[in-house]
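Visitor: Take this structure first; my questions come after.
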Amino acid sequence: MDDDDRRRRSIAERIRALPIDLVVVLASVVLVDLLVLTPVGAGTVLRTLLGLPLVLFLPGYAFVAALFPETGQARDGSPPDGARDTLPRRIDGPERLTLSVGASVAIAPLIGLVLNYTPWGLTLPSVTLSLSAFTALAASVGIVRRQALPEQERFALFERRHARTESATATVGTRTRTDLVLNVAVALAALLVISSVVYAVAAPRGGEAITEFYLLTENETSDELVADEYPTEFVRGESKPLVVGIENHERRPVNYTVVVALQRIDDRNSSATVVEQRRVGRFQVRVGANESRLRRHTVAPPMTGERLRLAYLLYRGPVPRNPTVENAYREVHLWVNVSATGTNRSSTTRSTLSTSGYALADSTTDSPIRV
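All the letters of the sequence shown, read from the start, carry residue numbers 3 to 373 under our numbering.
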């Protein structure tokens, strides 16, 4: 029983010794993730209010806590006797808060920049999880570093008054203002490097990083590719040709996936709701930086109806289990009518974009486009 009591006391003391501010940071991260990544907080003001600190404050606060685990002054609020002119304040109070905001402003764009070059891209879940992971890791490092210090030396939001022991006074007395200068210089240098990297890499270079995605057809008389005369009348099961164009201005090679779906839409409530969807096709294309590719394919509608949406959904990297217009990276579509028999007259929709001069790839091979 005595051993059990001692074990329980030891666990309780360890829990009480945890830094309350960093525990709150970790709890806030979990709460924000629940609100952002689950339907619980969808469309609520609370989701936005709690999401802002994850971008503007929490990552920087955890980062500063990992860099500076020490308190900024003696526990009685003043430097030890005889050390008033030499004791450094280190980082505490306003300095800690200021650095936290500054670090967050640098960290969030840097994480966004890295995500932009990953298969996950810049999406709400990827940004939330990345910021949460960074914050949790930095807060954990801060907890470990604080626990490694003597209790009198640890930073705490609510500092208890302690009588200064001779050893603590001796330890504090050996600190000099040089320590403060070095610590602050390291923190500012880290922020400067991060900010410089973000600016140097994220600054626009010859235009915004984008992907152009479009549909073309072949002119029946000249075999020229044009953004005109799209087929709008189909017969179920009979195919008609279309051409998909992708131009990569992302400044890096990208693996794209195109999903073609025929959708029945209910728009009676002023919102387009998909009530039925059939996949018509799917293919992958790798496009080099500043290159373009065209892909010829045929569309054979599997269902009938009036005003069906023939949607082309473009994805970078993995495709969601349920492809939709909302989760696509780029989307283009045609409104078509599909009959059960060939009684409808042939019809097309006219537009004005012409793309003569493109080289064409068929449905099994791809080649760069020369313009």
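Note that the Cβ used here is the ideal one computed from N, Cα and C, for glycine as well.
These figures come from a predicted structure and were not determined experimentally.
#1: How is residue 317 classed by DSSP in three states: helix, strand or coil?
#2: Which of helix, strand or coil does DSSP assign to residue 327?
#3: Does DSSP put residue 124 in a helix, a strand or coil?
#4: Take the Cβ of residue 317 as the centre, count every other Cβ of all protein chains shown within 10 Å, and call the residue buried at 16 or more, exposed below.
#5: Give the DSSP bridge partners of residue 263, in chain order.
#6: Give the DSSP-derived three-state secondary structure of residue 119 in the structure shown.
#7: Considering only the beta carbon of each residue, do residue 286 and residue 258 sit closer than 8 Å?
#8: So what does DSSP say about residue 163, is it helix, strand or coil?
#9: Pop quiz: residue 245 and residue 264 are said to be a contact at Cβ under 8 Å. What is the actual Cβ separation, rounded to whole angstroms?
#10: Assuming residue 289 and residue 248 are in contact, meaning their beta carbons sit under 8 Å apart, how far apart are those beta carbons, in whole angstroms?
#11: Report buried or exposed for residue 25, applying the criterion of at least 16 other Cβ atoms within 10 angstroms of its Cβ.
#12: Under 8 Å: do the region 144-162 and the region 120-129 share three or more Cβ pairs, one atom per stretch?
#13: For residue 307, does the three-state DSSP call read helix, strand or coil?
#14: Looking only at its chain, what residues have a beta carbon closer than 6 Å to the beta carbon of residue 204, apart from the 5 residues adjacent to it on each side?
#15: So what's residue 268 in DSSP terms, helix, strand or just coil?
#16: What three-state label does DSSP hand residue 238 in the structure shown?
#17: Tell me, to the nearest whole angstrom, how far the beta carbon of residue 157 is from that of residue 72; I am working on the premise that it is less than 8 Å.
#18: Just curious, the beta strand (DSSP E) that residue 229 is in, first and last residue?
#19: Could you check if residue 119 is buried or exposed, using at least 16 other CB atoms within 10 Å of its CB as the buried criterion?
#20: Find out if the Cβ-Cβ distance for the pair residue 306, residue 341 is shorter than 8 Å.
#21: What residue does the beta strand (DSSP E) around residue 296 start on, and which one ends it?
#22: Specify, as a first and last residue, the run of the alpha helix (DSSP H) that residue 254 falls within.
#23: To the nearest angstrom, how far is the alpha carbon of residue 322 from that of residue 280?
#24: Determine which residues share a DSSP beta bridge with residue 147 and list them.
#25: What residues are listed by DSSP as bridge partners for residue 215?
#26: DSSP three-state call for residue 97: helix, strand or coil?
#27: Looking at residue 33 and residue 52, is the spacing between their C-beta atoms short of 8 Å?
#28: Between which two residues does the alpha helix (DSSP H) holding residue 156 run?
#29: So, are the CB atoms of residue 228 and residue 219 less than 8 Å apart?
#30: With C-beta atoms as the reference, is residue 284 less than 8 Å away from residue 262?
#31: Of all the options 302, 150 and 328, which has the alpha carbon lying nearest to the alpha carbon of residue 273?
#32: Using DSSP with H/G/I as helix, E/B as strand and the rest coil, what is residue 21?
#33: In chain order, what residues of the same chain lie with their CB nearer than 8 Å to the CB of residue 282, ignoring the 5 residues before and after it?
#34: What is the rounded straight-line gap between the Cα of residue 333 and the Cα of residue 137?
#35: In terms of DSSP beta bridges, what is residue 332 paired with?
#36: Would you say residue 236 and residue 338 are within 8 Å of each other, going by their C-beta atoms?
Guide: Concretely, from the data shown:
#1: Here residue 317 sits in strand by DSSP.
#2: Reduced to three states, the DSSP call for residue 327 is coil.
#3: In the structure shown, the three-state DSSP call for residue 124 is coil.
#4: It is buried - the Cβ of residue 317 has at least 16 other Cβ atoms within 10 Å.
#5: For residue 263, which the question treats as bridged, DSSP gives the partners 281 and 313.
#6: If DSSP states are grouped into helix, strand and coil, residue 119 belongs with coil.
#7: One thing to note: residue 286 has its Cβ within 8 Å of the Cβ of residue 258.
#8: Below a pLDDT of 50, predicted positions are generally treated as unreliable, and residue 163, at 42, falls in that range; the measurement from the model is reported next regardless. Coil.
#9: About 18 Å separates the two Cβ atoms, so there is no contact after all.
#10: Between residue 248 and residue 289 the Cβ distance is about 6 Å, and since that is below 8 Å, they are a contact.
#11: Exposed, because fewer than 16 other Cβ atoms sit within 10 Å of the Cβ of residue 25.
#12: No, the region 144-162 is not in contact with the region 120-129.
#13: Three-state DSSP puts residue 307 in a strand.
#14: The predicted model places residue 204 with a pLDDT of 48, which falls under 50 and marks its position as unreliable, so this point remains unresolved.
#15: Residue 268: strand per DSSP, three-state reduction.
#16: Correct three-state label for residue 238: coil.
#17: The beta-carbon distance between residue 157 and residue 72, rounded to whole angstroms, is 6 Å. This is short enough to meet the 8 Å contact definition.
#18: It spans 227-229 - the beta strand (DSSP E) in which residue 229 sits, taken as one unbroken run.
#19: Residue 119 is exposed by the Cβ-count criterion.
#20: Between residue 306 and residue 341, the C-beta gap is smaller than 8 Å, which places the two residues in contact.
#21: Bounds of the beta strand (DSSP E) holding residue 296 are 294-301.
#22: Segment: none, residue 254 is in no alpha helix (DSSP H) and carries neither H nor E.
#23: Using only the alpha carbons, I get a separation of about 16 Å.
#24: Its beta-bridge partners do not exist; DSSP assigns none.
#25: Paired residues: 248.
#26: Looking at residue 97 - three-state DSSP - the assignment turns out to be helix.
#27: Yes, Cβ-Cβ distance for residue 52 and residue 33 is below 8 Å.
#28: Unbroken run through residue 156: none, as it is neither H nor E.
#29: Yes, the Cβ-Cβ distance between residue 228 and residue 219 is below 8 Å.
#30: Result yes, Cβ atoms of residue 284 and residue 262 sit closer than 8 Å.
#31: Taking only the C-alpha atoms, the option nearest residue 273 is 328.
#32: Look at residue 21 here: in three-state DSSP terms it is coil, with no helix or strand label.
#33: Cβ within range, chain order: 262, 263, 264, 301, 302, 303, 304 and 312.
#34: A straight-line Cα-Cα distance of about 34 Å links residue 333 and residue 137.
#35: DSSP, once it has assigned bridges, lists 316 as partnering residue 332.
#36: In contact: residue 236 and residue 338 (Cβ atoms closer than 8 Å).
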